[in-house]
Amino acid sequence: MMALAAAMGPGAASQTDSGSATEGLGGIVGFAAGAIENLGAWGVGAFTLAETVIPPIPSEVILPLAGYLSRQGSLNFGLVFLASTLGAYLGALLLYWLGAKLGLERAIRWLSKLPLVDGEDFEKAAGWFNRHGKASIFFGRLIPGVRSLISLPAGAAAMPLATFSLFTLAGTALWNGALIGLGYLLGTQYELIEQYSKFLNYAVYAAIAVTIALLIVRRLRRAPARV
């Protein structure tokens, strides 16, 4: 995406009035863009809620595509920003509640049973929270990996809900606004997006493969300990 942004110029061509905004986008990027276009802004909010609790699809993929579709006229930019920020906040609030209700250790044990979730990640986030305090809630929203986990230790530590909400919403709004805005800017370069979409597909496929590989390695490393 940075390569595309560097290639942007004032005379860039935009999508023609005919055809779908996702026309010309193939592979998993085209599939994701089509799903977002069909689900609308509140579907984007549902994605960000799910990503916050159990990260199935990273916001680094979803939100730029939503911004791109906003530029093409398929989605409303303001509504996408509002829905994605609200969805992420609700997901963070759920983890905050779990931490407050169950305590850190019980919550980590329970969440570790879910697919694509590793207890070590929550423990690292808890350590980061213990070192940096409430600032970790704001800055944690800007760091992949920490972003989806930092709410749990905040709830377990009984951080005031108003403080948690303020820092969470501020960090989430900054992160979401940057990604959606980037996608919106790239939407002015429809022809370049179409040209380079296959490389975006390769990047997404590689990220999925690395994630699955890391998950398998973690499970295999822990298998002897259970025996």
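Take the position in the sequence shown, starting the count at 1, then add 974; the result is the number in this note's numbering.
Glycine is no exception: its CB is placed at the ideal position from the N, C-alpha and C atoms.
- Item | E1079 to Y1070 span [Cα, whole Å] | 13 Å
- Message: With distance defined between alpha-carbon atoms, name the residue in L1043, G1077 and F1113 nearest to L1146.
- Response: Checking the sequence, you will find Thr at residue 1146 rather than Leu. Nearest C-alpha to T1146: F1113.
- Query: Got a sec? Which residues, its chain only, sit under 7 Å from A1009 by beta carbon, not counting five neighbours each side?
  - Reply: none
- Meets three-Cβ-pair contact criterion under 8 Å: the segment 1010–1026 and the segment 1127–1141: no
- CB F1055 to CB N1150, shorter than 8 Å? yes
- Message: Following a CB-centred definition, is K1087 positioned closer than 7 Å to any heavy atom of the ligand FMN?
- Response: For the ligand FMN, the structure offers nothing, since it holds no ligand at all.
- Query: By DSSP, does I1124 sit in helix, in strand, or in coil?
  - Reply: coil
- Task: Might you give, ordered along the chain, the residues of its own chain that have their beta carbon closer than 6 Å to the beta carbon of T1026, omitting 5 neighbours on each side?
- Result: A1062, G1065, A1066 and S1122
- Message: Looking at P1038: is its Cβ nearer than 8 Å to the Cβ of L1116?
- Response: Taking 8 Å as the Cβ cut-off, P1038 and L1116 do not qualify as a contacting pair.
- If you draw a straight line from the C-alpha of V1191 to the C-alpha of A1180, how long is it? 16 Å
- Message: Whole angstroms are fine: how far does the CA of A1015 sit from the CA of R1045?
- Response: In a straight line, the C-alpha of R1045 is about 13 Å away from that of A1015.
- Item | Coil, strand or helix - S1086 by DSSP | Three-state DSSP puts S1086 in coil, outside helix and strand.
- Item | R1045, enclosing alpha helix (DSSP H) - first and last residue | S1033 to R1045
- Task: Return helix, strand or coil for G1161, following the three-state DSSP convention.
- Result: coil
- Buried versus exposed call for G1161 [16 or more other C-beta atoms within 10 Å across all chains shown]: buried
- Pick out whichever of P1118, G1019 and I1186 has its Cα sitting closest to the Cα of A1099. P1118
- Message: Can you list, in chain order, the residues of its chain with a C-beta nearer than 8 Å to that of W1084? Leave out the 5 residues immediately preceding and following it.
- Response: L1072 and L1076
- Can you tell me the Cα-Cα spacing of L1023 and S1139, whole angstroms? Spanning the alpha carbons of L1023 and S1139 requires a straight line of approximately 15 Å.
- Query: Can you tell me whether G985 is buried or exposed, with buried defined as 16 or more other CB within 10 angstroms of its CB?
  - Reply: With a pLDDT of 37 at G985, under the threshold of 50, the modelled position of that residue is not reliable, and the figure given next carries that caveat. By the neighbour-count rule (16 or more Cβ atoms within 10 Å), G985 is not buried but exposed.
- Query: Of the choices L1148, L1049 and G1107, whose alpha-carbon is the least far from that of M1133?
  - Reply: G1107
- Straight-line CA distance for G1041 to A1187? 30 Å
- Considering only C-alpha positions, which residue in the set T1142, I1124 and V1018 is nearest to S1058? For the options T1142, I1124 and V1018, the alpha carbon positioned closest to that of S1058 is the one of V1018.
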